[in-house]
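Be aware that the sequence shown starts at 3, since it is given in my numbering, and climbs by one per residue.
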Amino acid sequence: MNRKITRALLSVSDKSGLLEFAHTLAHLGVELLSTGGTAKLLRDAGLMVTDVGDYTGFPEMLDGRVKTLHPKVHGGILANRLLSEHMSAVEAANIPLIDLVVVNLYPFRETVAQPGCTLEDAIENIDIGGPTMVRAAAKNWEGVAIVVDVADYALLAAEMQANAGSLSRKTRFALAKKAFTHTAAYDGAIGNYLTCRELEGEPRAYPDVLTLQWTKAQDMRYGENPHQSAAFYRDPTPAAGSLSNYTQLQGKELSYNNVGDADAAWDCVRAFDDICCVIVKHANPCGVALGDTPVVAYNRALATDPTSAFGGIIAFNREVDLVCAEAVAKQFLEVLIAPAYTPEALELLSKKVNVRVLTVPIKSLFESANALEMKRVGGGLLVQSADTHQLDLASLKVVTQLAPTAQQLQDMQFVWQVAQFVKSNAIVFAKDGRTLGIGAGQMSRIDSARIAKIKAEHAGLSLEGSVAASDAFFPFRDGLDVLIDVGAIAVIQPGGSMRDEEVINAANERGVTMVTTGVRHFRH
Numbered sequence: 003m004n005r006k007i008t009r010a011l012l013s014v015s016d017k018s019g020l021l022e023f024a025h026t027l028a029h030l031g032v033e034l035l036s037t038g039g040t041a042k043l044l045r046d047a048g049l050m051v052t053d054v055g056d057y058t059g060f061p062e063m064l065d066g067r068v069k070t071l072h073p074k075v076h077g078g079i080l081a082n083r084l085l086s087e088h089m090s091a092v093e094a095a096n097i098p099l100i101d102l103v104v105v106n107l108y109p110f111r112e113t114v115a116q117p118g119c120t121l122e123d124a125i126e127n128i129d130i131g132g133p134t135m136v137r138a139a140a141k142n143w144e145g146v147a148i149v150v151d152v153a154d155y156a157l158l159a160a161e162m163q164a165n166a167g168s169l170s171r172k173t174r175f176a177l178a179k180k181a182f183t184h185t186a187a188y189d190g191a192i193g194n195y196l197t198c199r200e201l202e203g204e205p206r207a208y209p210d211v212l213t214l215q216w217t218k219a220q221d222m223r224y225g226e227n228p229h230q231s232a233a234f235y236r237d238p239t240p241a242a243g244s245l246s247n248y249t250q251l252q253g254k255e256l257s258y259n260n261v262g263d264a265d266a267a268w269d270c271v272r273a274f275d276d277i278c279c280v281i282v283k284h285a286n287p288c289g290v291a292l293g294d295t296p297v298v299a300y301n302r303a304l305a306t307d308p309t310s311a312f313g314g315i316i317a318f319n320r321e322v323d324l325v326c327a328e329a330v331a332k333q334f335l336e337v338l339i340a341p342a343y344t345p346e347a348l349e350l351l352s353k354k355v356n357v358r359v360l361t362v363p364i365k366s367l368f369e370s371a372n373a374l375e376m377k378r379v380g381g382g383l384l385v386q387s388a389d390t391h392q393l394d395l396a397s398l399k400v401v402t403q404l405a406p407t408a409q410q411l412q413d414m415q416f417v418w419q420v421a422q423f424v425k426s427n428a429i430v431f432a433k434d435g436r437t438l439g440i441g442a443g444q445m446s447r448i449d450s451a452r453i454a455k456i457k458a459e460h461a462g463l464s465l466e467g468s469v470a471a472s473d474a475f476f477p478f479r480d481g482l483d484v485l486i487d488v489g490a491i492a493v494i495q496p497g498g499s500m501r502d503e504e505v506i507n508a509a510n511e512r513g514v515t516m517v518t519t520g521v522r523h524f525r526h
């Protein structure tokens with residue numbers, strides 16, 4: 003049932019877009035009530051507005067902490083229009099009905115994000131009257147419309163203009179759902195902030211109670227396997243450049259596995275400043291390469307493991323042009339990701355109707371990563387900061403008698419960056435800015451090295467003269483020996499083993515150069 007709006011209460015912290023909406027309401031004959039700065043804004047714009055203090059007969063007090071907390075406000079919002087006893091009660095108390103509430107809350111999250119914010123600053127920016135009105139209006143959505151999002155103003159104005167000042171039941175219910183999730187997120191942010199703190203001392207990194215929200219972007223046909231259900235949720239404020247900012251330009255609907263693999267590919271490729279291509283299969287890179295152009299990078303990445311690349315995810319950190327698109331189109335792939343495509347490239351790719359083509363605004367992983375990484379376990383949640391460590395060549399420690407050449411140092415930086423995105427135990431061989439063999443996800447580091455060698459052999463690549471990276475230290479010299487046996491002449495690894503001296507002596511004995519980073523990159 004449509005419900006005509008005759009009286010609206012407007013009280014907002016974020017005033018963007020409000021005047022246009024208020025003018026529409028006034029034009030439709032809606033009586034406007036308001037508070038403080040909002041009332042002044044409306045009045046200065048020439049609109050007729052009644053201050054809530056005048057409406058209730060009770061002026062604002064306690065520095066504005068009490069202004070809308072009054073029976074004449076909440077009675078007008080909460081009265082159930084379908085119950086005669088409610089209507090009789092508000093009529094007897096001379097309480098007019100309020101049909102529309104437009105509220106957004108004190109900027110708590112913005113306040114606590116400011117450097118130097120004190121506990122007192124935070125407390126003063128906890129809204130009380132606002133959430134109370136929001137929840138009251140949302141509870142009574144059958145009779146009242148609640149607006150908490152400035153993005154809804156234009157749509158609501160259009161609906162009211164098209165329906166003689168009325169809003170539909172469907173719209174009111176949608177607004178109520180948004181309102182309750184809005185206050186839940188607001189209270190969650192307050193709880194997260196406060197449970198990181200005691201009255202004295204520095205705040206903790208993680209709150210005692212963690213409350214987070216995501217917004218469903220889509221249901222999926224199934225999860226990792228057809229017998230599992232799944233959905234994809236977006237962070238309401240995702241890190242710039244993260245995968246959830248994608249726009250799908252063509253292709254079939256993304257699957258659960260597509261999104262997971264695409265995220266692995268995109269994070270890896272945006273970790274490089276130079277032109278780069280990353281090919282991912284089952285969440286692991288199977289080829290990574292730099293190049294003077296995207297197509298050169300692609301061809302070099304594909305050559306690492308063309309067998310595994312079949313049906314994979316391909317990501318670029320540069321615009322894909324026609325030449326690159328022609329090369330990629332020859333390969334069977336699930337998803338293609340890039341920050342942009344030329345019109346000619348998109349026209350060619352459109353012939354591959356099933357290929358999911360995504361565009362994502364590019365931003366370096368080291369500048370913009372998830373604030374928290376999370377993994378669900380039985381009955382709990384593991385939470386950690388993102389692995390955004392960026393290797394500084396100046397911080398490397400040369401532990402062998404033989405020092406690396408300038409070219410080897412460049413390759414060490416490259417191969418170490420790739421190893422960060424390979425499931426542990428990870429061993430990666432590379433040379434001249436391209437991977438030659440990748441061993442991933444094995445229980446034994448030695449087995450990972452052997453798998454990398456097999457992959458290289460199958461691709462017709464030689465590991466002789468390569469640079470190798472291990473995501474964690476060598477517990478014994480045998481792991482290092484395997485790398486050298488298959489052709490590595492330079493090795494980069496974290497160090498820190500009880501047997502570091504034994505491993506270093508082995509490197510010296512066999513005439514290779516080795517550096518340690520002091521940082522490991524486990525990825526599970």
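Where a beta carbon is used, it is the ideal one built from N, C-alpha and C, also for glycine.
| Asked | Found |
| --- | --- |
| Cβ shell of L367 (< 6 Å), same chain only, five flanking positions each side left out | D269, R272, A273 |
| Cβ-Cβ distance between K457 and S310 below 9 Å | yes |
| Backbone CA spacing between L384 and L212 [nearest angstrom] | 11 Å |
| Cα-Cα separation, L335 to A421 | 23 Å |
| As assigned by DSSP and simplified to three states, the class of D151 | coil |
| Buried or exposed (CB count within 10 angstroms, at least 16 for buried), Y235 | exposed |
| Beta bridge counterpart(s) of Q386 as assigned by DSSP | E375 |
| Residues near N259 in its chain [Cβ-Cβ closer than 7 Å; skip 5 each side] | E226 |
| Span of the alpha helix (DSSP H) around D46 | 38-46 |
| Stretch pair the segment 123-143 + the segment 76-87: three plus CB contacts closer than 8 Å | yes |
| Which residues DSSP lists as bridging F318, in chain order | C279 |
| CA-to-CA distance, G513 to N507, given in whole angstroms | 10 Å |
| Bridge-paired residues (DSSP) for Y235 | K218 |
| At least three beta-carbon pairs within less than 8 Å, the segment 237-246 to the segment 345-365 | yes |
| Contacting residues, own chain, Cβ-Cβ under 8 Å from V401 (five flanking each side not counted) | G497, D502, I506, A509, M516, V517, T518 |
| Inter-residue Cα distance where the pair is D263 and S468 | 27 Å |
| Beta-bridge partners of N286, as assigned by DSSP | K283 |
| Selected residue, minimal CA-CA separation from T390, among Q419, L411, K399, A396 | Q419 |
| Per-residue burial, Y57 [other beta carbons within 10 Å of its own, 16 or more giving buried] | buried |
| Close Cβ partners of L360 (< 6 Å) along its chain, the five nearest in sequence each way excluded | Y248, Q250, I339 |
| Stretch-stretch touch, CB-based, cutoff 8 Å, three pairs: the segment 188-207 with the segment 47-56 | no |
| Where K457 falls: helix, strand or coil (DSSP) | helix |
| Cβ neighbour criterion (16 or more within 10 Å) applied to K218 | exposed |
| Nearest neighbour of R9, chosen from L102, M3, L49, M50 [CA to CA] | L102 |
| Beta-carbon gap between V152 and L177 smaller than 9 Å | no |
| Spatial neighbours of L351 in its chain, beta-carbon cut-off 6 Å, leaving aside the 5 residues before and after | A327, V359 |
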